[in-house]
Structures are given as C-alpha cells and as structure tokens.
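Read through the structure below, which is laid out as structure tokens, and then see the notes.
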Amino acid sequence: MKLNPVIIQRKNLHKKLWDDVRPQDVNDLEWEIGAYSYDFFEECGFNFPIEVNTAPELYKLCQSVKEKLNVQEDVWFQIKNRIGIRGNAIVSGNNIYPSIVRLSATAIDQLNEDELSFLIGHELGHVINKDVVIRFYYDLKYGKDGASNKLAHSMKAYTLFSELEADRYGYLACGSMESYISFLYKCRCGFDFSKSGVSFQQFMKGNHNRVQFFIKGEHMGSDTHPYDAIRIEALHIFSTSKDSRELSSRMYPILYHLDHNTK
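For the sequence shown, the working numbering assigns the number 203 to the initial residue and increments by one for each residue that follows.
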C-alpha cells in the first residue's frame with residue numbers, strides 16, 4: 203500500500219508559521235521576488251544546467267523522479283561544485299521564476315542511480331512543501347532578534363519534521379531502504395554500506411538500539427537535521443507500515459521526542 207508521505211504535524215506547523223510570517227503588504231512580496239531573482243540568475247550563471255541537450259541521461263532521471271512524485275511546477279536542475287555529496291533546493295515563493303534543485307558534482311560521480319534518485323526526490327520534497335519559503339519569511343520578519351520562544355520552537359520542530367518528510371519523497375523516488383542507507387552514509391562519511399558485511403536486518407537492529415540511546419540522552423539531532431539513526435528509523439517505519447493508522451502510531455514516539463528535545 204502506498205502511503206501518503208505528508209507528516210500531519212509538519213503540515214499543521216506549516217499553517218501556524220505561515221499565518222504568522224506571511225507577507226502583509228506588497229513591499230515584502232516584492233522584496234522576496236527581488237531577492238529570489240538575484241539567487242536565481244546567479245545560480246543559472248555559475249552552475250552547469252541539466253538539460254536534454256547538456257546531460258541527457260541525467261536530465262531523463264531528474265524528469266522521471268519529478269513525474270513519479272507528480273511535481274507540477276517548473277523546476278530546473280543544475281550541477282554545482284560543492285564539496286561532498288550534497289543537494290539542495292532553492293524554492294521559489296512566486297510564479298515568476300522556477301525553483302532550482304542543485305546536485306553536487308561529487309554526488310553525480312559517486313552515487314548510483316537509486317541513490318541519486320533518492321537525493322533528487324528528497325530535494326523535490328522541499329520544493330513541494332515550500333520549506334525554504336517559510337524559513338525565508340521567518341528570517342525576514344524576525345531577523346537577529348528572533349521570535350518568541352514558542353514560535354522559535356515551532357520553527358525548529360518544523361525544520362526537523364520537514365527533513366523526515368522529504369526523506370519519504372526520496373524513498374518514493376527510489377523505492378529502496380538499502381539505497382537510502384547507502385546514500386546517507388556515503389554522504390556523511392564516504393562509506394559504502396555494501397561493504398559493511400552485515401545484512402539489512404542486522405543493521406536495522408543495531409540502528410534501533412542507537413535510536414534508543416539518543417532518546418534516553420534527550421538529544422535527537424542538530425538545529426536542522428535529525429541524527430541519521432533517527433532518520434533511518436523513521437523512514438523504515440514509513441516503508442513497512444501497512445496503513446496510515448499504523449504509521450501514525452509507530453511514528454508518534456519519534457515525533458514526540460524530536461518535538462520535546464527542541465525545547
């Protein structure tokens with residue numbers, strides 16, 4: 203059964219944050235369009251475009267993932283010379299310019315097709331949810347002074363939940379937990395999981411123990427990403443749950459502790 207990738211708690215936080223930070227007048231909106239246009243043209247000016255006439259096989263893969271995830275909006279794909287296996291999304295908050303998904307040259311060189319599909323799908327998940335737009339207007343409104351403790355907590359929780367949801371889109375793109383784990387550890391430390399010498403089942407047993415260690419220590423991740431063991435556990439729950447009720451029940455402890463440890 204194909205489950206809905208949306209994490210309801212993230213969706214609810216999105217509405218709460220957007221109601222607070224959405225631009226109230228045309229000047230704010232015009233400022234955002236101007237700021238985005240600068241990033242957009244600079245990215246187009248210095249990165250390698252993934253197009254049918256420049257990188258046909260890679261273009262085909264990007265478009266295949268985009269279609270699989272039913273992304274309707276215009277998205278441009280590019281290669282950027284960043285250190286390590288990286289990807290990121292520059293998300294348009296308007297209908298004037300398209301969003302951009304950037305892949306590092308190292309990612310293109312070192313990931314296999316399934317791993318690369320996950321990375322593309324993950325970044326498209328951020329495009330779908332407009333995660334960067336929320337952060338843009340939050341920073342625009344509150345700047346260095348920051349929001350109230352309660353709203354700052356909501357922003358941090360939203361950021362962590364959004365990474366778990368983007369992982370779900372990546373999984374829907376590649377369809378393989380093993381490829382996800384392989385991608386994650388190539389990205390983090392350059393290690394090829396296929397050379398670990400352990401079965402997937404053995405690894406997941408050890409991963410579950412690591413999750414319990416982080417929960418007991420009340421430390422679940424950085425300001426922007428849950429720890430890898432948390433992400434792996436969360437996606438394994440998504441990939442093995444039979445229905446939305448089971449998914450919600452099994453995910454509750456992880457989401458609770460992520461939320462609790464952002465306070």
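C-beta: ideal position from N, C-alpha, C; glycine also.
Query raised in the report: For isoleucine 330, which three-state DSSP category applies?
Result: On the sequence shown, residue 330 is found 128 positions in, with the first residue counted as 1. Correct three-state label for isoleucine 330: helix.
Query raised in the report: Considering only C-alpha positions, which residue in the set Asn331, Tyr360 and Leu271 is nearest to threonine 426?
Result: As a position in the sequence shown, residue 426 is number 224, starting the count at 1. With distances taken between Cα atoms, threonine 426 lies closest to Tyr360.
Query - First through last residue of the beta strand (DSSP E) which encompasses isoleucine 292 - result: Stepping through the sequence shown from its first residue, residue 292 is reached at position 90. Element bounds for isoleucine 292: 289-292.
**Report entry** Reference lysine 270, options Gln312, Phe415 and Ile322, closest by Cα
**Finding:** As a position in the sequence shown, residue 270 is number 68, starting the count at 1. Taking only the C-alpha atoms, the option nearest lysine 270 is Ile322.
**Report entry** Nearest-angstrom beta carbon gap, leucine 449 and leucine 205 [assumed within contact, 8 Å]
**Finding:** Looking up residue 205 in the sequence shown gives position 3. Looking up residue 449 in the sequence shown gives position 247. Confirmed, Cβ separation roughly 6 Å.
**Report entry** Of the listed residues Leu362, His355 and Asn272, nearest to alanine 436 (C-alpha basis)
**Finding:** Here the question's residue 436 lines up with position 234 in the sequence shown. Checking every option, the nearest Cα to that of alanine 436 belongs to Leu362.
**Report entry** CA-to-CA distance, asparagine 255 to leucine 353, given in whole angstroms
**Finding:** Numbered from 1 along the sequence shown, position 151 holds the residue referred to as residue 353. Numbered from 1 along the sequence shown, position 53 holds the residue referred to as residue 255. The alpha-carbon atoms of leucine 353 and asparagine 255 are separated by roughly 46 Å.
Query raised in the report: So what's phenylalanine 243 in DSSP terms, helix, strand or just coil?
Result: Position 41 of the sequence shown, counted from the start, is the residue given in the question as residue 243. Here phenylalanine 243 sits in helix by DSSP.
Requested in this report: Throw me the rounded Cβ distance for the serine 319 and valine 267 pair, which I believe falls under 8 Å.
Outcome: Here residue 319 refers to the residue found at position 117 when the sequence shown is read from its first residue. Here residue 267 refers to the residue found at position 65 when the sequence shown is read from its first residue. About 5 Å separates the two Cβ atoms, so the contact holds.
Query raised in the report: Whose CA, out of Gly372, Leu313, Ala349 and Gly408, lies closest to the CA of asparagine 272?
Result: Position 70 of the sequence shown, counted from the first residue, corresponds to residue 272. Comparing Cα-Cα distances from asparagine 272 to each of Gly372, Leu313, Ala349 and Gly408, the minimum goes to Gly372.
Query raised in the report: DSSP state of lysine 204, grouped into three classes?
Result: As a working note, residue 204 is residue 2 in the sequence shown. Lysine 204: coil per DSSP, three-state reduction.
Requested in this report: Per DSSP, which residues does isoleucine 281 bridge with? Please list them.
Outcome: Residue numbering aside, residue 281 sits at position 79 when the sequence shown is read from its first letter. Bridge partners of isoleucine 281: Phe250 and Leu305.
Query raised in the report: Hey, how far is the Cα of methionine 406 from the Cα of serine 451?
Result: Along the sequence shown, read from residue 1 onward, the residue named residue 406 stands at position 204. Along the sequence shown, read from residue 1 onward, the residue named residue 451 stands at position 249. For methionine 406 and serine 451, the distance between alpha carbons rounds to 19 Å.
**Report entry** Top-ranked residue by Cα proximity to isoleucine 432, from Ser446, Lys444, Tyr454 and Asp445
**Finding:** One-based indexing of the sequence shown puts residue 432 at position 230. The shortest Cα separation from isoleucine 432 among Ser446, Lys444, Tyr454 and Asp445 belongs to Tyr454.
Query raised in the report: Distance, Cα to Cα, leucine 366 vs glycine 423?
Result: Position 164 of the sequence shown, counting from 1, holds the residue named residue 366. Position 221 of the sequence shown, counting from 1, holds the residue named residue 423. So the alpha carbons of these two residues sit roughly 12 Å apart.
Query raised in the report: Quick one: Cα of isoleucine 477 to Cα of serine 441, how far?
Result: The chain is shown only over 203 to 465; residue 477 falls outside these bounds and no answer can be derived.
Query - Continuous alpha helix (DSSP H) stretch holding methionine 379: start and end - result: On the sequence shown, residue 379 is found 177 positions in, with the first residue counted as 1. Note, methionine 379: alpha helix (DSSP H), 379-391.
Query raised in the report: The alpha helix (DSSP H) spanning lysine 217 covers which residue range?
Result: On the sequence shown, residue 217 is found 15 positions in, with the first residue counted as 1. Lysine 217 -> alpha helix (DSSP H) spans 210-223.
Query raised in the report: Would asparagine 351 be called buried (16 or more neighbouring beta carbons within 10 Å of its own) or exposed?
Result: Mapped onto the sequence shown, residue 351 falls at position 149. Burial call: exposed.
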